[in-house]
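S.K.: Residues in the sequence shown are numbered consecutively from 1, following the UniProt record's numbering.
We treat Cβ as the ideally placed atom computed from N, Cα and C, and that holds for glycine.
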Amino acid sequence: MSQQIFREEYLQQQYQTEQGQILILSGLNQRIVTVCCIVVIGAILTLLALGSYTKKTRLEGVIVPSTGLIAVKAAQSGVVDAIYVDDGQKIEKLASLFRVNSEVFDTSGESINQRLKRSLEHQYNSLQSQRDYERLVTQSRIDELNSKIERLDLEIKSAQQSLAFAKERTLLKKEARDSYLKLLKNSYISDLAFKDYLSSLVSLQAEEENQKLMIQQLERERVAAQHQIDFMSLQGNLRTLELERQIDSLKQQQIELTSASESVVHSPVSGEITTLRVESGQSVSQGEVLLNIIPEQARLQVELYAPSRSIGFLRSGQQVGLRFDAYPHEKFGIQKGNVVQISQSTLTPAELKAQDQTIRSDAETLYRIVVSLDKSTIGVYGREEPLKVGMRVSADINVETRKLYEWLLGPIARMQGINE
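1) Specify the secondary structure class of residue 34 as computed by DSSP and reduced to three states.
2) If you follow the beta strand (DSSP E) that residue 375 is in, where does it begin and where does it stop?
3) Just the C-alpha distance for residue 89 and residue 128, rounded to the nearest angstrom, thanks.
4) Which residues bound the beta strand (DSSP E) around residue 262?
5) At which residues does the alpha helix (DSSP H) containing residue 332 begin and terminate?
6) In this structure, does DSSP put residue 186 in helix, strand or coil?
7) Taking the DSSP output, what are the residues bridged to residue 394?
8) For residue 367, which residues does DSSP report across the bridge?
9) Would you list the one or two residues that DSSP bridges to residue 291?
10) If you follow the beta strand (DSSP E) that residue 313 is part of, which residue opens it and which one closes it?
11) Exposed or buried, what is residue 382 when buried is set at 16 or more other beta-carbons lying within 10 Å of its beta-carbon?
12) With 16 as the cutoff for other CB atoms within 10 Å, does residue 1 come out buried or exposed?
13) Under 8 Å, do residue 294 and residue 393 count as touching if we go by C-beta distance?
14) Output the distance between the C-alpha atoms of residue 380 and residue 311, rounded to the nearest integer angstrom.
15) To the nearest angstrom, report how far apart residue 371 and residue 288 are at their CA atoms.
16) So for residue 169, helix, strand or coil by DSSP?
17) Tell me which residues share the same chain as residue 170 and place their Cβ nearer than 6 Å to its Cβ, disregarding the 5 neighbours each side in the sequence.
18) State the DSSP-derived secondary structure class of residue 399, mapped to helix, strand or coil.
19) Residue 219 to residue 152, Cα distance in whole Å?
20) Which residues share a DSSP beta bridge with residue 231?
21) By how many angstroms is the C-alpha of residue 137 removed from the C-alpha of residue 196?
22) Going straight from the alpha carbon of residue 99 to that of residue 257, what length do you get?
23) Rounding to the nearest angstrom, what Cα-Cα distance links residue 342 and residue 318 in this structure?
24) Counting only the same chain and skipping the five closest in sequence on each side, list residues whose C-beta sits under 6 Å from that of residue 246.
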């Protein structure tokens, strides 16, 4: 252990000056600044510990009916020459909406469809005349045969009566034979007289047989006439059916020709007309949308379209703040809604176009999000105005809430995770 050369008291004396120890006094302003800094730092730390931040995603969409918007399209190309409805009109199912004329004209200016119609009309009238004539001829022949049957019935009845008389005469003649034999035996009559008797008996029997043959012949003629009537009736019916089939075919061709040249578009559902897109005299193409119909009893809802980067934290039941382009939210406020459905697959721009949606997606695929409205009206200057289908909507959805310190420390945690 080394010994000190100088005493401790001497060393302490060396650090002291004649003026004594220097003390720096702080002013009042410095104290206030110090206190304020401590308060600010404490507030910042408290805010970081207790404060939170909610991330929102902003989406665009439109108001649509809950049952979907019914697009009515032209069945064929042509010119709209009649419109039977107005925008906003209530209609019933199968109500007439438009008439589209698709007439085609030849070089002479005559309608080809009209020429075809005249040709079909001529064929139609000819077949009807032929059908009526053949029916008349067949019925005339049947009437003749019925008259013949009536005459044959009378002849058969007369022949049957003659046969009955002949049988009776023959029977009487046979009963007189024994008497003739006794007379011949007793020589009261000659052999010649007896032979005359036998000859007359044979004549009566021959007459009886002739009557039977005549009756059989008449009955055969009657049966043949009846068969001929049945055959002619069957043949006439078959011929009539064939002509009727040809007439029906011509009717079908006339209907198809009429529908090809002129068609009336009918409403598929009951509802309200919206987005009337054509005027009388306007040319339309097959499949072109002419108007839209809001189905009856449909509720209004909002369809939002979200890109894949915004879909991760969206859930059913989340509250949505809705801003309508037609009613600036700075003046009319924000309306609330709730997410009720999120599509499981994306819609391509082509599918959006097919559904008549004009969301700017820059060729990006989008998810459909259905939002129910708290009410289908909006307060405007003290009155409730109904919302309309097709209104553009912007929406804010709260997707994630985190503490402020989590947002600040998040990048550091991610970097540590990457390094590990």
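M.R.: So, from the data block:
1) Locating residue 34 in the sequence shown gives position 34, counting from the first residue. Here residue 34 sits in helix by DSSP.
2) Reading the sequence shown from its first residue, position 375 is the one you call residue 375. Per DSSP, residue 375 is not a residue of any beta strand (DSSP E), being assigned neither H nor E.
3) Counting from 1 along the sequence shown, the entry for residue 89 is found at position 89. Counting from 1 along the sequence shown, the entry for residue 128 is found at position 128. CA-CA distance, residue 89 to residue 128, rounds to 45 Å.
4) Looking up residue 262 in the sequence shown gives position 262. 262–266 is the extent of the beta strand (DSSP E) around residue 262.
5) For the purposes of this step, residue 332 is identified with residue 332 of the sequence shown, where counting begins at 1. From DSSP, the alpha helix (DSSP H) with residue 332 extends over 329–332.
6) Within the sequence shown, the letter at position 186 stands for residue 186. Coil.
7) As a working note, residue 394 is residue 394 in the sequence shown. Assignment of beta-bridge partners to residue 394 by DSSP yields 60, 323.
8) To locate residue 367, count along the sequence shown from 1; it is residue 367. Bridge partners of residue 367: 306.
9) Translated into positions along the sequence shown, residue 291 becomes position 291. For residue 291, which the question treats as bridged, DSSP gives the partners 72.
10) Position 313 of the sequence shown, counted from the first residue, corresponds to residue 313. Here residue 313 belongs to no beta strand (DSSP E), and DSSP marks it neither H nor E.
11) On the sequence shown, residue 382 is found 382 positions in, with the first residue counted as 1. Of the other Cβ atoms in all chains shown, fewer than 16 fall within 10 Å of the Cβ of residue 382; this residue is therefore exposed.
12) Indexing the sequence shown from 1 puts residue 1 at position 1. No answer about residue 1 holds up, because its pLDDT of 47 lies below 50 and its placement is not dependable.
13) One-based indexing of the sequence shown puts residue 294 at position 294. One-based indexing of the sequence shown puts residue 393 at position 393. No, the pair does not count as a contact, with Cβ atoms beyond the cut-off.
14) As a first step, residue 380 must be located in the sequence shown, where it is residue number 380. As a first step, residue 311 must be located in the sequence shown, where it is residue number 311. Each residue's Cα considered, the two are about 33 Å apart.
15) Within the sequence shown, numbered from 1, the residue matching residue 371 stands at position 371. Within the sequence shown, numbered from 1, the residue matching residue 288 stands at position 288. Rounded to the nearest whole angstrom, the CA to CA distance from residue 371 to residue 288 is 29 Å.
16) As a working note, residue 169 is residue 169 in the sequence shown. The three-state reading of DSSP puts residue 169 in helix, counting H, G and I together.
17) Along the sequence shown, one-based indexing puts residue 170 at 170. So the qualifying residues of the chain are 204, 205, 208.
18) Within the sequence shown, numbered from 1, the residue matching residue 399 stands at position 399. In the structure shown, residue 399 falls within a strand segment according to DSSP collapsed to helix, strand and coil.
19) If you number the sequence shown from 1, residue 219 lands on position 219. If you number the sequence shown from 1, residue 152 lands on position 152. Residue 152 has its alpha-carbon roughly 8 Å from the corresponding atom of residue 219.
20) As a first step, residue 231 must be located in the sequence shown, where it is residue number 231. According to DSSP, residue 231 bridges with nothing at all.
21) Walking along the sequence shown from the start, residue 196 turns up at place 196. Walking along the sequence shown from the start, residue 137 turns up at place 137. Rounded to whole angstroms, residue 196 to residue 137 spans 57 Å at the Cα level.
22) For the purposes of this step, residue 99 is taken as the residue at position 99 of the sequence shown. For the purposes of this step, residue 257 is taken as the residue at position 257 of the sequence shown. Residue 99 and residue 257: Cα-Cα distance of roughly 15 Å.
23) Translated into positions along the sequence shown, residue 342 becomes position 342. Translated into positions along the sequence shown, residue 318 becomes position 318. Those two C-alpha atoms are separated by around 11 Å.
24) Your numbering for residue 246 matches position 246 in the sequence shown. Counting only Cβ-Cβ distances below 6 Å, and skipping sequence neighbours, we find 127.
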